[in-house]
Amino acid sequence: MPDLSVEQFQSLSHQIYQKLGLHFDEKKIYFLKTRVAKRMAVLGIDDAREYLFKLNYADPQGLEMQALANLVTTNETYMFREYDQLQAFANCCLPEVLSAKQARGERSLRIWSAGCSSGEEPYTLAMILQDVFPQAQSWDCAIVATDIDENMLARVAAARYGARSVGDVPDEYRRKYLIEDGDEWVVRRRTADLVQPRHLNLHDRMAMRSMRGFDFVFCRNVLIYFDDASRKAVVDHFYSALNPGGYVFLGHSESIGRVTTAFKLKRFETHLVYVKE
Amino acid sequence: MSSLNQYLEKLDGPDEAERIYAAEDIGYCNAPEGVPPLLQRLGQEPSRAVRDAIFQALIRIEADASIEGSIRLLASEDPQIRNQAVDVLRHKGARSVPFLDAAMRNGGKDMRKFLLDVLIGVQASGVEAIYEAALSDPDENVVITAVENLGRTRATQFRRRIEDLLLTGQHPMLVGVCLEALAGIGDELSLAAIRRRFPDLAAMPDFFLAPCLKAIGALGAAAEFAEVAGLLAVRGPHLRPAILGALVAIHQRHPAEARSEDLLPALRAVVDDGDPPLCRYQAVRALGFLSARADVYRFLVSCLSSPERLVRLGAIESLRGTPQAGLQDVLTARAMEETDEEVLQALGC
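Top to bottom, those sequences are chains A and B.
Going by our numbering, the first residue of the first sequence is number 1, and it counts up by one from there.
Going by our numbering, the first residue of the second sequence is number 1, and it counts up by one from there.
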């Protein structure tokens with residue numbers, strides 16, 4: 001396994017942050033070393049300096065960074081993933097947006113779960129929304145769940161999940177919003193009805209322009225698989241899709257600030273979130 | 001053209017989203033005529049989101065006007081606009097080099113520095129000549145940026161020039177970047193130049209020691225190992241990461257010769273005295289060089305129970321580096337008590 005010096009580790013984590021927007025603190029040195037070792041073995045490189053140089057200056061297409069990204073990220077999705085971020089949504093952002101709407105006499109709320117995969121995220125948001133805001137049922141609330149893959153959208157529509165997907169759902173939420181059916185869990189109708197699956201390619205700029213009037217956009221752990229230009233284009237569309245005062249959430253270790261300067265960084269207690277002014 | 005005109009009209013519209021879309025659409029039209037209105041709009045556009053979209057359009061339009069306009073933007077007072085102009089020019093790659101070359105000859109010192117910021121992301125013929133000129137630039141900041149870039153891009157053809165600058169340079173920043181650059185592109189002669197300038201590591205100012213250790217780590221021989229190890233006892237704790245980094249780097253290249261028995265107390269002190277976890281991890285890894293010794297082996301085994309997970313991970317790596325009889329039993333026993341997922345993986349569970 002390559003020995004990364006502190007400086008090499010810092011350089012690597014900086015590069016990963018710059019190119020993928022993923023933050024790895026020093027506790028992750030061993031994790032990154034093991035992933036780098038795998039890539040170095042594949043490439044036949046035995047000096048960590050050579051590998052870092054390749055990543056930084058000899059990877060114009062970003063192919064090696066993408067190969068590394070595949071090793072340092074996980075494709076799996078499950079409900080209540082990145083719980084801290086969801087707490088910021090539930091405890092700070094959502095109440096703020098709802099009270100502003102109530103003050104204006106509005107009774108609608110639109111959330112976009114972009115790149116929703118098999119639907120664990122939009123149903124998580126639906127559960128939180130019903131819990132934080134029981135009146136949601138009498139409002140015009142929608143969680144638009146988009147994905148490019150029709151097979152995934154069929155799974156969203158089925159709203160039926162295995163034990164792995166619901167493993168992190170707090171017991172109280174599980175009792176209120178899920179029904180056990182054999183070795184699977186089904187999202188209760190009242191909750192499932194809030195979610196509207198829709199086919200959308202995030203690269204389709206004309207289709208993206210049709211997405212307007214959202215109060216929240218969630219696109220967590222999706223953009224890390226995009227190149228810089230595409231990532232920027234998509235985040236710009238999120239900006240246009242949001243109402244003023246709306247929030248965008250990428251993965252907890254992904255940064256918007258390095259992709260666009262359009263959003264304003266806002267602090268809620270210990271959480272940092274991005275808002276469209 | 002008619003659609004371009006429609007987009008140009010919308011670029012000055014009142015709705016922010018429409019202006020964003022207009023800029024985007026102008027970019028997709030890829031017409032040189034779109035560049036001047038985009039640049040003009042940039043000067044008066046209050047929305048950052050629209051400005052972002054305009055820069056993306058400039059990247060997309062394959063016309064010299066886009067390059068020339070972006071070079072002019074490097075003179076902007078607004079750092080955000082300058083940074084985005086740098087980004088556009090980097091995306092233009094080789095095509096921008098003749099324009100950068102001309103601007104390098106005619107531009108002011110700030111402009112020349114920003115042009116070098118562009119060049120770090122451009123690999124093309126013609127770039128070398130710009131760097132040649134930059135290394136002789138009358139402004140020291142331009143020279144410093146050039147050396148920094150050449151080190152980062154591993155431009156070994158400039159190795160001797162940088163050694164000369166190291167030996168003659170007076171500006172501390174210049175000396176520092178020369179050391180950094182030579183760490184990446186140097187050879188034995190570079191090491192000799194470094195030691196000519198800095199014969200006594202123990203007496204060097206902190207500011208120079210960190211990059212110097214990096215260079216010695218990259219270029220030094222076994223003989224330097226003991227000298228670097230000796231610094232652990234005499235230099236401040238803030239330099240420990242650099243010292244440990246140099247030790248690990250030299251040892252990697254000279255595993256048989258690079259060792260120092262005197263190292264043990266200093267390394268144990270780093271592990272024991274509450275340094276940052278990453279530093280303690282490095283010390284445990286450096287102790288692995290001596291893990292054939294019974295006392296070091298015992299110490300590393302004791303590190304398996306450290307409350308700091310990076311120390312435990314480092315100890316596992318070091319112990320596996322020089323396996324001794326019974327090691328697997330020790331690791332298996334440790335696994336029974338371990339709860340951290342990553343440490344369990346390292347233990348082979």
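Note that CB positions come from ideal geometry on N, CA and C, so glycine has one too.
What you are looking at is a predicted structure, and each value in this text was computed from that prediction instead of being measured.
With the criterion set as a beta carbon lying under 8 Å from some beta carbon of chain B, the members of the region 224 to 253 of chain A are Ala229, Lys232, Ala233, Asp236, Tyr239, Ser240, in sequence order.
Around the beta carbon of Gln6/B, fewer than 16 other beta carbons sit within 10 angstroms, so the residue counts as exposed.
Under the DSSP assignment, Ile128/A falls in the alpha helix (DSSP H) whose first and last residues are 120 to 132. If you look at Cys219/A, you'll find it in the beta strand (DSSP E) that goes 214 to 219. Beta-bridge partners of Val177/B (DSSP): none assigned. The shortest C-alpha to C-alpha distance from Leu4/A to any of Arg235/B, Tyr281/B, Leu327/B is the one to Tyr281/B.
For Lys38/A, no CB of chain B lies under 8 Å from its own CB, so it is not counted at the interface with that chain. The continuous beta strand (DSSP E) containing His271/A extends over residues 271 to 275. In the DSSP assignment, Lys266/A falls outside any alpha helix (DSSP H) and lies within the beta strand (DSSP E) extending over 264 to 268. Pairwise C-beta distances place the region 46 to 66 of chain A in contact with the region 4 to 19 of chain A, as three or more of them are shorter than 8 Å.
Of all residues in the region 73 to 90 of chain B, only Gln80 come within less than 8 Å of chain A when Cβ atoms are compared, listed by chain position. Note: Asp84/A is not bridge-paired with any residue in the DSSP secondary-structure output. Put simply, the CB of Glu82/A is far from chain B, with every gap to its CB atoms at 8 Å or more.
With a contact defined as Cβ atoms closer than 8 Å, Val156/A and Cys116/A qualify at about 6 Å. Using a CB distance below 7 Å, the part of the region 231 to 256 of chain B facing chain A consists of Pro241, Gly245, Val248, Ala249, Gln252, ordered along the chain. The beta carbon of Ala283/B is closer than 7 Å to those of Leu244, Leu267, Val270, Val271 in its chain, skipping five residues each way along the sequence. Within chain A, no C-beta atom comes less than 7 Å from the C-beta of Ile61/B; the nearest is roughly 14 Å away.
The beta carbon of Val35/B sits closer than 8 Å to those of Leu58, Ile61, Ala63, Ala65, Ser66, Gly69, all from its chain and outside the five residues before and after it, given in chain order. Considering only beta carbons, the part of the region 256 to 270 of chain A lying closer than 7 Å to chain B consists of Thr260, Thr261, Ala262, in chain order. If you check each beta-carbon in the region 11 to 28 of chain A against every beta-carbon of chain B, the ones closer than 8 Å belong to Glu26, Lys27. At least one CB of chain A lies nearer than 8 Å to the CB of Ile20/B. DSSP, read as helix, strand or coil, puts Ile45/A in coil.
For Ala154/A, the enclosing alpha helix (DSSP H) has its first and last residue at 150 to 158.
Gln137/A sits away from Tyr177/A, with the two beta carbons spaced by 8 Å or more. Interface residue (Cβ-Cβ distance to chain B less than 8 Å): Glu64/A is not classified as such.
Leu22/A carries a coil assignment under DSSP once its states are collapsed to helix, strand and coil. Nearest CB-CB separation between Thr153/B and chain A: below the 8 Å threshold. Sorting Pro60/A, Asp140/A, Ala114/A by C-alpha distance to the C-alpha of Ser108/A places Asp140/A at the top. For the region 199 to 213 of chain A, residues whose beta-carbon sits nearer than 8 Å to a beta-carbon of chain B comprise Arg205, Arg209, Arg212. The beta-carbon separation of Val147/B and Ala183/B, rounded to 12 Å, does not stay under the 8 Å limit for a contact. Contact between Ile71/B and Ser240/A is absent: CB atoms are separated by about 30 Å, not below the 8 Å threshold.
For Leu189/B, the enclosing alpha helix (DSSP H) has its first and last residue at 188 to 197.
Of all residues in the region 40 to 57 of chain B, the ones placed with a Cβ closer than 7 Å to any Cβ belonging to chain A are Arg48, Ala49, Asp52, Ala53, Gln56, in chain order. The Cβ-Cβ distance between Ala90/A and Val144/A does not fall below 8 Å.
Between Phe208/B and Val234/B, the C-beta gap is not smaller than 8 Å, which leaves the two residues out of contact. Distance check between Ala202/B and each of Ala292/B, Ala226/B, Asp187/B, Leu300/B places Ala226/B closest, using alpha-carbon atoms only.
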